[in-house]
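Residue numbers 1 to 147, in full-length UniProt numbering, belong to the letters of the sequence shown in order.
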Amino acid sequence: MLKERSNDPSRLSNRGGTLLKEEKERSRVNKKLPRVEKELEDLIAKWEKQQRRPFLIKGKLITEYIVNQWHQYNQQQEQEKEKKHHIRTKQLEIENQMETINQSLTQKRRLPSKETLKSSKLRWIGEDSSCSSFATTMHSSQAPICY
1 MLKERSNDPS RLSNRGGTLL KEEKERSRVN KKLPRVEKEL EDLIAKWEKQ QRRPFLIKGK
61 LITEYIVNQW HQYNQQQEQE KEKKHHIRTK QLEIENQMET INQSLTQKRR LPSKETLKSS
121 KLRWIGEDSS CSSFATTMHS SQAPICY
């Protein structure tokens, strides 16, 4: 439950010290959990001596059950980390691809070809000069001379 609350982004916008309360609760749990586990093991050992049979949960010894639960919890945490890492790497790959596409498009826009430059110069000369009909009929490699 603490883990679910810590992953909730809306908790950051809450007022009233909820983050501080959560942090205190988390530290309290982290301090008390090992003590509670030890106390539970001691109580179970007493019970097993009195009853002269093992204390079982789902057909397993309680110590095995607790170890398995911790192992499953750690595996789940590791899987979540790997999943987040995988998502981040995919997102970065997509962003890099989009960035290279954008860079190539902007480079194409910035660096027009020589033919484009020649034709735009001819159009400019053709519009403003008296020999505009001559400039438009000439080939792009020939430059009109107007005086």
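Where is the CB? At the ideal position from N, CA and C, for every residue including glycine.
For this session: Tell me whether the beta-carbon of Phe55 lies closer than 8 Å to the beta-carbon of Glu48.
Result: For Phe55 and Glu48, yes; Cβs fall inside 8 Å.
Exercise. From what residue to what residue does the alpha helix (DSSP H) around Leu20 run?
Worked result: Taken as a continuous stretch (DSSP letters only), the alpha helix (DSSP H) holding Leu20 covers Thr18 to Gln51.
For this session: Alpha carbon to alpha carbon, how far is Ala45 from Glu37? Give it in angstroms, no decimals.
Result: Ala45 has its alpha-carbon roughly 12 Å from the corresponding atom of Glu37.
Problem set entry | Paired residues, beta bridge with Leu56 - DSSP | According to DSSP, Leu56 shares a beta bridge with Leu61.
Exercise. What number of angstroms, rounded off, separates the C-alpha of Asp8 from the C-alpha of Ile62?
Worked result: Between Asp8 and Ile62, the C-alpha separation is close to 33 Å.
For this session: Assign Ala135 to buried or exposed, taking buried as 16 or more other Cβ atoms, counted over all protein chains shown, within 10 Å of its Cβ.
Result: With a pLDDT of 48 at Ala135, under the threshold of 50, the predicted position of this residue should be treated as unreliable, though the coordinate-derived value follows. Around the beta-carbon of Ala135, 16 or more other beta-carbon atoms lie within 10 Å, marking it buried.
Problem set entry | Reference Val67, options Asn30, Pro34 and Leu105, closest by Cα | Val67 has its Cα closest to that of Pro34, out of Asn30, Pro34 and Leu105.
For this session: Rounded to whole angstroms, what's the CA-CA distance from Leu12 to Gln50? Just pull it up for me.
Result: Using only the alpha carbons, I get a separation of about 51 Å.
Exercise. In whole angstroms, what separates the C-alpha of Asn14 from that of Glu23?
Worked result: One C-alpha to the other measures close to 14 Å.
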